[in-house]
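Heads up, the thing below is written out as structure tokens.
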Amino acid sequence: MRLGSDNNKAGQRFDLNQYLDGLYGYAMVLSRNSAEAEDLVQETCLRALRGMDGLRDEDGAKSWVFTILRNIWLNQLRQGRAAPEMVELDSDGKGANEPADAAQDPHADYVTKIEREQVWLAIQKLPVEYREIIILREYEDLSYQEIAAVLGCPLGTVMSRLARARSRLRDALQNIFSAEVSFQRAGKLRSKEEGTLNEPL
Amino acid sequence: MNPCDEYVVKTLRYLDNDLKGQELEDFRSHMESCAHCRAHLEAENALSETLHRFRPLYSAPDALRDRVSATVVQQSSRNTTRGSLYDRVSRILSVSGALERLLSWRILVPVALAIGLCVALVPNIVHHVQAASYVETAVAMHRKFISGDLPSGLQSNSPQAVTTWFAGKVPFDFRLPVESSAGSNPAYKMTGATLVSYKGSPAALVTYEAPKDKVSLLVVSSQSALVAGGDEVTGGRMTFHYRTESDFRVVTWTSDGLSYALVSSASGPPQASCLVCHQNMADRRDFKAEQ
């Protein structure tokens, strides 16, 4: 699904399809409603399609489409058109992705599914400003600068808000990976004793 | 303030390989000596690994992909139709030409004269009224800017950030007139952007500052703001309209479907506002401010 007019170089390379999963995920964490999320993504694509002739820098395309989506959502909120927030907490993991390569071990598969749902639930229970910054940074890999542009706030605010969001999420997920932390702590302490705290963990 | 507080954000930057040089050395040194921050680092790392393990969190449903594909096809065909619409109009006009030959020139000449007068005069009047309204709005916004009464918006000196910020906020495809950030020591620095209202629709206002002057740029769709009047100066393919309005110097022009109104202090040098765009361009000497 390649968009853009023939005489637009940025548009020729601008493949909107690569952003659909990310846009839908962002729309879901904003609206927490799949029908509204789909409408948001479609409207975003339409506006991106109409406005892409002005897109000079392909590198900024991703943050640009995410900004469009967020602005549409904010406008709908202001106009009272957004549907009331209804968290779709279905137990079969419909909200979150199923892994493409599910583990062969049924028990491992089950544990992974449970953990995935818990992560998804923990994110959905965060306030919206924390949900969106988690998805933009941890799932969409936007840089701090790009997130600042999408959210329209200073870089320092992005970093401090992300730190607070992660803190809240970490508390919520404590039960899931407390075992991992204990395991890793043992490993890292051993590294520390060897004086090898040189690379990111 | 807890001395470890500053390491909360630095921990995230460390995990993103964003710490360099002395900052990285300081961070490592602190981690060696502070068990609390070390535990925090481990917890943050574990969280990142957990989150990344379940990526992507969502995938777009097939129904949505189909909807978007349909939108793309629809939009593409609409673009294609623009060309064929021209052909159809041309065909209709050629039919009209045949009808004209059937009518007497005694009827056609007076009607054509009347239509010509309307086309020549009425739109011109409307044009100037609309242009005046646009200039008045630009000056009113500039007053708010210099008095600090503008609504809060984005504070940034980055043209890219400003362009991105306006995406979806204004009902047109916002573009700055030229890239004006290339200079290492520009005379006029972009300070930010804010949303304002023009004829009931959102419009873009970009602000600039120099040591002794402030300049604002009101950007709207040229469909809602026609540019006319004042002293006309042609530069390249564009025509600029200069005028002094309520003690402010105003330059207006249109480009690629957008209308621009640049407002600066009238007490400043006559071409000062031109430097906002031309300060980093080869022709900047033509606009050098008078001393």
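So the sequences go chain by chain: A and B. Here the working numbering is used: position 25 in the first sequence is 25, and no number is missing along the way. Here the working numbering is used: position 94 in the second sequence is 1094, and no number is missing along the way. All C-beta atoms, glycine included, are put in the ideal place defined by N, C-alpha and C.
Which two residues bound the contiguous beta strand (DSSP E) that contains F1248/B? In this chain, the beta strand (DSSP E) harbouring F1248/B covers F1248 to S1255.
With a cut-off of 8 Å on the beta carbons, I'd call L1217/B and L1262/B a contact; round off their distance for me. About 5 Å separates the beta carbons of L1217/B and L1262/B, which is inside the 8 Å limit, making them a contact pair.
Assign S1216/B to one of three DSSP states: helix, strand, or coil. In the structure shown, S1216/B sits in a strand (DSSP, three-state: E or B).
Going by the DSSP bridge assignment, what does G1192/B pair with across the sheet? G1192/B is bridged by DSSP to Q1155/B and T1207/B.
Between L69/A and L23/A, which are expected to be in contact by the criterion C-beta below 8 Å, what is the C-beta distance as a whole number of angstroms? Their Cβ separation, rounded to whole angstroms, is 6 Å, which keeps L69/A and L23/A in contact under 8 Å.
Between the beta-carbon of G1257/B and the beta-carbon of S1222/B, is there less than 8 Å? Against a cut-off of 8 Å, the Cβ pair of S1222/B and G1257/B comes out as a contact.
Would you verify that the beta carbon of E1044/B is, or is not, closer than 8 Å to some beta carbon of chain A? Answer yes: the Cβ-Cβ gap between E1044/B and chain A drops below 8 Å somewhere.
Classify A1035/B: buried if its beta carbon has 16 or more other beta carbons within 10 angstroms, exposed otherwise. Exposed is the call here.
Considering just the uninterrupted stretch of the alpha helix (DSSP H) at R1243/B, what are its terminal residues? It is not in any alpha helix (DSSP H) - R1243/B instead sits in the beta strand (DSSP E) that spans M1238 to E1245.
For S1224/B, does the three-state DSSP call read helix, strand or coil? Assigned with DSSP and collapsed to three states, S1224/B falls in coil, not helix or strand.
Check whether chain A comes within 8 Å of V1008/B, counting only Cβ atoms and requiring the distance to be less than that. Contact of V1008/B with chain A is assigned, a C-beta pair being separated by under 8 Å.
Between E138/A and chain B, is any beta-carbon pair separated by less than 8 Å? So yes, E138/A belongs to the interface.
Can you determine whether any heavy atom of the ligand PLP sits closer than 7 Å to the C-beta of P1003/B, and answer yes or no? In the structure on display, the ligand PLP does not appear, and there are no ligands present to speak of.
Below 8 Å between beta carbons: does that hold for N218/A and A1140/B? Residue coverage of chain A in this structure runs from 1 to 201, which leaves residue 218/A outside it and unanswerable.
Chain-order list of residues whose beta-carbon lies under 6 Å from that of E140/A (same chain, five-residue window excluded): Answer for E140/A: G22, listed in chain order.
Short Cβ contact (8 Å threshold) for G25/A with P1211/B: The criterion of a C-beta distance shorter than 8 Å is not satisfied by G25/A and P1211/B.
Taking only three categories from DSSP, how would you classify K188/A? Because the pLDDT of K188/A is 49, which lies under 50, any placement of that residue in the model is unreliable, and the question is left without a value.
Is it the case that the Cβ atoms of T1050/B and V128/A are separated by a distance below 8 Å? Cβ distance not < 8 Å, so T1050/B and V128/A don't count as in contact.
Under 9 Å between beta-carbons, which chain B residues line up against Y130/A? List them in chain order, please. Simply none; closest approach about 13 Å.
For R78/A, tell me which candidate among D1247/B, L1176/B, K1144/B and K1169/B has the shortest Cα-Cα distance. Comparing Cα-Cα distances from R78/A to each of D1247/B, L1176/B, K1144/B and K1169/B, the minimum goes to K1169/B.
I want to see whether chain A comes within less than 8 Å of L1012/B, judged by CB atoms only; does it? Yes, because at least one Cβ of chain A sits closer than 8 Å to the Cβ of L1012/B.
Does L1047/B have its Cβ less than 8 Å from a Cβ in chain A? Output row for L1047/B: interface = yes.
Output needed for I135/A: all residues of its chain with C-beta closer than 7 Å, excluding positions within five of it in sequence on either side, in chain order. Answer for I135/A: G25, Y26 and V29, listed in chain order.
What is the DSSP secondary structure of E1232/B, reduced to helix, strand or coil? DSSP places E1232/B within a strand segment (E or B) once states are collapsed to three.
What is the C-beta distance between R1237/B and Q42/A, in whole angstroms, given that I count them as a contact (C-beta under 8 Å)? With a Cβ gap of about 37 Å, R1237/B and Q42/A do not count as contacting.
Presumed contact (8 Å Cβ cut-off) between V1215/B and Y1188/B, rounded CB distance: Right, the Cβ-Cβ distance comes to about 6 Å (below 8 Å), so this counts as a contact.
Which of the three DSSP states, helix, strand or coil, is assigned to S1059/B? Three-state result, S1059/B: coil.
So R1065/B contacts chain A; which residues on that side make the cut at Cβ distance below 7 Å? When 7 Å is used as the limit between beta carbons, R1065/B is near these residues of chain A: L20, in chain order.
Counting contacts by CB-CB distance shorter than 8 Å, is N71/A in contact with chain B? Closer than 8 Å to some Cβ of chain B, the Cβ of N71/A qualifies, so yes.
In this structure, how does DSSP classify V1139/B when only helix, strand and coil are distinguished? Three-state result, V1139/B: helix.
Suppose only complete runs of 4+ residues qualify. What are the alpha helix (DSSP H) ranges in the region 95-155 of chain A, listed by chain order? Correct list: 106-124, 128-134 and 144-151.
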